[in-house]
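Take a look at the structure below.
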Amino acid sequence: SDVVHGQLSELWTTIHMLFCQIAAMPAKEQLEYNKTTNELLRCAEVLARNSTDSVLTYIQKQFDPKVGGKDPASRAATLVMLRHIINRMEPHLAAYKDTVIATVKTALSDTDYRVRKAVIQNVIAMGPSENQYLACEGGQDLLVYVVNNASLPL
1 SDVVHGQLSE LWTTIHMLFC QIAAMPAKEQ LEYNKTTNEL LRCAEVLARN
51 STDSVLTYIQ KQFDPKVGGK DPASRAATLV MLRHIINRME PHLAAYKDTV
101 IATVKTALSD TDYRVRKAVI QNVIAMGPSE NQYLACEGGQ DLLVYVVNNA
151 SLPL
(Lines of atoms letter the chains of each structure in order from A and count residues from 1; the text may use other names and numbers.)
(Lines give C-alpha, C1' and ligand atoms only; values in the text may rest on other atoms or scores of the structure.)
Protein backbone atom coordinates (compact mmCIF):
# COMPACT_ATOMS: atom_id res chain seq x y z
CA SER A 1 0.00 0.00 0.00
CA ASP A 2 2.85 2.41 0.82
CA VAL A 3 4.54 1.60 -2.50
CA VAL A 4 1.33 2.31 -4.41
CA HIS A 5 0.79 5.53 -2.45
CA GLY A 6 4.35 6.65 -3.28
CA GLN A 7 3.77 5.97 -6.97
CA LEU A 8 0.46 7.84 -6.93
CA SER A 9 2.21 10.81 -5.39
CA GLU A 10 4.88 10.79 -8.11
CA LEU A 11 2.26 10.41 -10.83
CA TRP A 12 0.18 13.26 -9.45
CA THR A 13 3.23 15.51 -9.15
CA THR A 14 4.17 14.80 -12.78
CA ILE A 15 0.63 15.34 -14.08
CA HIS A 16 0.31 18.57 -12.11
CA MET A 17 3.70 19.84 -13.31
CA LEU A 18 2.85 19.14 -16.97
CA PHE A 19 -0.56 20.75 -16.64
CA CYS A 20 0.98 23.86 -15.04
CA GLN A 21 3.58 24.10 -17.82
CA ILE A 22 0.86 24.12 -20.47
CA ALA A 23 -1.21 26.62 -18.47
CA ALA A 24 1.78 28.98 -18.28
CA MET A 25 2.03 29.14 -22.08
CA PRO A 26 0.48 31.99 -24.05
CA ALA A 27 -3.15 31.26 -24.97
CA LYS A 28 -2.31 30.78 -28.65
CA GLU A 29 0.19 28.02 -27.84
CA GLN A 30 -2.19 26.34 -25.37
CA LEU A 31 -4.58 25.54 -28.22
CA GLU A 32 -2.00 23.16 -29.68
CA TYR A 33 -2.10 21.19 -26.44
CA ASN A 34 -5.89 20.81 -26.04
CA LYS A 35 -5.80 17.01 -26.36
CA THR A 36 -2.89 16.78 -23.95
CA THR A 37 -4.65 19.05 -21.48
CA ASN A 38 -7.81 16.93 -21.63
CA GLU A 39 -5.83 13.72 -21.10
CA LEU A 40 -3.98 15.24 -18.14
CA LEU A 41 -7.32 16.19 -16.59
CA ARG A 42 -8.61 12.65 -17.13
CA CYS A 43 -5.47 11.26 -15.48
CA ALA A 44 -5.93 13.63 -12.54
CA GLU A 45 -9.51 12.41 -12.22
CA VAL A 46 -8.45 8.74 -12.16
CA LEU A 47 -5.85 9.45 -9.50
CA ALA A 48 -8.35 11.45 -7.46
CA ARG A 49 -10.86 8.58 -7.61
CA ASN A 50 -8.24 6.19 -6.25
CA SER A 51 -6.58 8.47 -3.73
CA THR A 52 -8.90 11.39 -3.01
CA ASP A 53 -7.31 12.30 0.32
CA SER A 54 -3.78 12.57 -1.03
CA VAL A 55 -4.84 14.44 -4.19
CA LEU A 56 -6.85 17.02 -2.22
CA THR A 57 -3.99 17.39 0.26
CA TYR A 58 -1.56 17.95 -2.62
CA ILE A 59 -3.87 20.56 -4.15
CA GLN A 60 -4.17 22.36 -0.80
CA LYS A 61 -0.39 22.44 -0.43
CA GLN A 62 -0.06 24.23 -3.75
CA PHE A 63 -1.49 27.33 -2.08
CA ASP A 64 1.01 27.23 0.79
CA PRO A 65 3.80 29.70 -0.08
CA LYS A 66 6.33 27.48 1.70
CA VAL A 67 5.53 24.38 -0.35
CA GLY A 68 4.36 25.51 -3.78
CA GLY A 69 2.10 28.07 -5.27
CA LYS A 70 4.64 30.80 -5.88
CA ASP A 71 3.57 31.18 -9.51
CA PRO A 72 0.07 32.56 -10.22
CA ALA A 73 -0.22 30.47 -13.41
CA SER A 74 0.42 27.32 -11.38
CA ARG A 75 -2.13 28.29 -8.75
CA ALA A 76 -4.72 28.97 -11.46
CA ALA A 77 -3.90 25.66 -13.17
CA THR A 78 -4.29 23.85 -9.86
CA LEU A 79 -7.75 25.37 -9.46
CA VAL A 80 -8.66 24.30 -13.00
CA MET A 81 -7.70 20.73 -12.06
CA LEU A 82 -9.77 20.98 -8.88
CA ARG A 83 -12.76 22.25 -10.88
CA HIS A 84 -12.47 19.25 -13.19
CA ILE A 85 -12.42 16.93 -10.18
CA ILE A 86 -15.47 18.69 -8.69
CA ASN A 87 -17.40 18.41 -11.95
CA ARG A 88 -16.51 14.79 -12.68
CA MET A 89 -16.55 13.26 -9.20
CA GLU A 90 -19.57 14.90 -7.61
CA PRO A 91 -21.08 11.90 -5.76
CA HIS A 92 -17.64 10.67 -4.71
CA LEU A 93 -16.73 14.03 -3.14
CA ALA A 94 -19.71 14.16 -0.76
CA ALA A 95 -17.46 13.26 2.17
CA TYR A 96 -14.91 15.89 1.14
CA LYS A 97 -17.14 18.98 0.86
CA ASP A 98 -15.43 20.83 3.71
CA THR A 99 -11.98 20.05 2.31
CA VAL A 100 -12.95 21.27 -1.16
CA ILE A 101 -14.41 24.50 0.24
CA ALA A 102 -11.35 25.07 2.45
CA THR A 103 -9.06 24.51 -0.52
CA VAL A 104 -10.87 27.07 -2.68
CA LYS A 105 -11.01 29.52 0.23
CA THR A 106 -7.20 29.45 0.50
CA ALA A 107 -7.10 31.26 -2.85
CA LEU A 108 -9.58 34.03 -1.97
CA SER A 109 -6.88 36.53 -1.06
CA ASP A 110 -4.99 36.04 -4.32
CA THR A 111 -4.85 39.17 -6.46
CA ASP A 112 -3.86 37.58 -9.77
CA TYR A 113 -6.62 37.77 -12.38
CA ARG A 114 -6.14 34.14 -13.52
CA VAL A 115 -6.45 32.84 -9.98
CA ARG A 116 -9.52 34.98 -9.24
CA LYS A 117 -11.15 33.72 -12.45
CA ALA A 118 -10.35 30.10 -11.52
CA VAL A 119 -11.77 30.60 -8.00
CA ILE A 120 -15.01 31.95 -9.47
CA GLN A 121 -15.19 29.03 -11.91
CA ASN A 122 -14.81 26.62 -8.98
CA VAL A 123 -17.61 28.34 -7.08
CA ILE A 124 -19.82 28.13 -10.16
CA ALA A 125 -19.00 24.41 -10.46
CA MET A 126 -20.08 23.95 -6.84
CA GLY A 127 -23.35 25.84 -7.31
CA PRO A 128 -25.65 23.29 -8.96
CA SER A 129 -24.03 20.36 -7.18
CA GLU A 130 -26.07 17.71 -5.42
CA ASN A 131 -23.44 17.93 -2.69
CA GLN A 132 -24.68 21.43 -1.80
CA TYR A 133 -21.19 22.81 -1.27
CA LEU A 134 -22.39 26.37 -0.95
CA ALA A 135 -24.79 25.45 1.86
CA CYS A 136 -21.83 24.21 3.95
CA GLU A 137 -19.79 26.34 6.30
CA GLY A 138 -17.66 28.66 4.19
CA GLY A 139 -19.95 28.44 1.17
CA GLN A 140 -21.41 31.86 1.92
CA ASP A 141 -17.89 33.36 1.83
CA LEU A 142 -17.42 31.95 -1.65
CA LEU A 143 -20.67 33.49 -2.87
CA VAL A 144 -19.71 36.87 -1.42
CA TYR A 145 -16.37 36.57 -3.23
CA VAL A 146 -18.13 35.98 -6.56
CA VAL A 147 -20.43 38.98 -6.05
CA ASN A 148 -17.54 41.25 -5.01
CA ASN A 149 -15.45 40.23 -8.00
CA ALA A 150 -18.33 40.66 -10.44
CA SER A 151 -17.80 44.41 -10.34
CA LEU A 152 -14.03 44.44 -10.86
CA PRO A 153 -12.71 45.89 -14.11
CA LEU A 154 -10.86 43.57 -16.45
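The opening position of the sequence shown corresponds to residue 1 in full-length UniProt numbering, with each subsequent residue numbered one higher. Beta carbons: idealized from backbone N, C-alpha and C, even for Gly. The model shown is predicted, which means the values in this text are computed figures rather than measured ones.
Check: Under three-state DSSP, which class holds residue 51?
Finding: Your numbering for residue 51 matches position 51 in the sequence shown. DSSP places residue 51 in coil when its eight states are reduced to three.
Check: Which residue comes first and which comes last in the alpha helix (DSSP H) that contains residue 119?
Finding: Counting from 1 along the sequence shown, the entry for residue 119 is found at position 119. Per DSSP, residue 119 belongs to the alpha helix (DSSP H) from 113-126.
Note to self: Please tell me whether, using a cut-off of 7 angstroms, the distance from the CB of residue 133 to the nearest non-hydrogen atom of the ligand HEM is below it.
What the structure shows: The model on display carries no ligand, and the ligand HEM is accordingly not part of it.
Margin query: Let's test the definition: count the other Cβ atoms within 10 Å of the Cβ of residue 74 and tell me whether it reaches 16, buried, or not, exposed.
Written below: Numbered from its first residue, the sequence shown carries residue 74 at position 74. That one is buried.
Next item on the list: Just the C-alpha distance for residue 235 and residue 150, rounded to the nearest angstrom, thanks.
Entry: Shown here, the chain extends from 1 to 154; a query on residue 235 therefore has no answer.
Checklist line | Contacting residues, own chain, Cβ-Cβ under 7 angstroms from residue 107 (five flanking each side not counted) | finding: In the sequence shown, residue 107 corresponds to position 107, counting from 1. Cβ neighbours of residue 107 beyond the five flanking positions: 63, 75, 79, 115, 119.
Notebook entry, point to check: Exposed or buried, which one is residue 40 when buried takes at least 16 other CB atoms within 10 Å?
Noted result: Walking along the sequence shown from the start, residue 40 turns up at place 40. In this structure residue 40 is buried. Its beta-carbon is surrounded by 16 or more other beta-carbon atoms within 10 angstroms.
Next item on the list: Please report how far the alpha carbon of residue 50 lies from the alpha carbon of residue 144, in whole angstroms.
Entry: The count along the sequence shown starts at 1 and reaches residue 50 at position 50. The count along the sequence shown starts at 1 and reaches residue 144 at position 144. Going from the Cα of residue 50 to the Cα of residue 144 covers about 33 angstroms.
Notebook entry, point to check: Are the Cβ atoms of residue 123 and residue 100 separated by less than 8 angstroms?
Noted result: Walking along the sequence shown from the start, residue 123 turns up at place 123. Walking along the sequence shown from the start, residue 100 turns up at place 100. No, the pair does not count as a contact, with Cβ atoms beyond the cut-off.
Next item on the list: Look at residue 121 and residue 88 and say whether their C-beta atoms are less than 8 angstroms apart.
Entry: Here residue 121 corresponds to residue number 121 of the sequence shown, with the count starting at 1. Here residue 88 corresponds to residue number 88 of the sequence shown, with the count starting at 1. Not in contact: residue 121 and residue 88 (Cβ atoms no closer than 8 angstroms).
Checklist line | Delimiting residues of the alpha helix (DSSP H) encompassing residue 84 | finding: As a position in the sequence shown, residue 84 is number 84, starting the count at 1. Membership of residue 84 in the alpha helix (DSSP H) is indicated by the continuous run 72-88.
Notebook entry, point to check: So what does DSSP say about residue 150, is it helix, strand or coil?
Noted result: Walking along the sequence shown from the start, residue 150 turns up at place 150. It is coil, neither helix nor strand.
Check: Whose C-beta lies closer than 7 angstroms to the C-beta of residue 133 among residues of the same chain, with five residues either side of it excluded?
Finding: Taking the first residue of the sequence shown as 1, we reach residue 133 at position 133. If we look at residue 133 and ignore the five residues flanking it on each side, its Cβ neighbours are 97, 100, 101, 126, 139.
Notebook entry, point to check: Which class does residue 9 belong to by DSSP, given the choice of helix, strand or coil?
Noted result: Residue numbering aside, residue 9 sits at position 9 when the sequence shown is read from its first letter. Residue 9 falls in the helix class under three-state DSSP.
Notebook entry, point to check: Between residue 9 and the rest of its own chain, which residues show a CB-CB distance below 8 angstroms, the 5 nearest in sequence each way excluded?
Noted result: If you number the sequence shown from 1, residue 9 lands on position 9. So the qualifying residues of the chain are 54, 58.
Note to self: One question on the structure: do residue 103 and residue 56 come within less than 8 angstroms of each other, judged by their Cβ atoms?
What the structure shows: Position 103 of the sequence shown, counting from 1, holds the residue named residue 103. Position 56 of the sequence shown, counting from 1, holds the residue named residue 56. Yes, Cβ-Cβ distance for residue 103 and residue 56 is below 8 angstroms.
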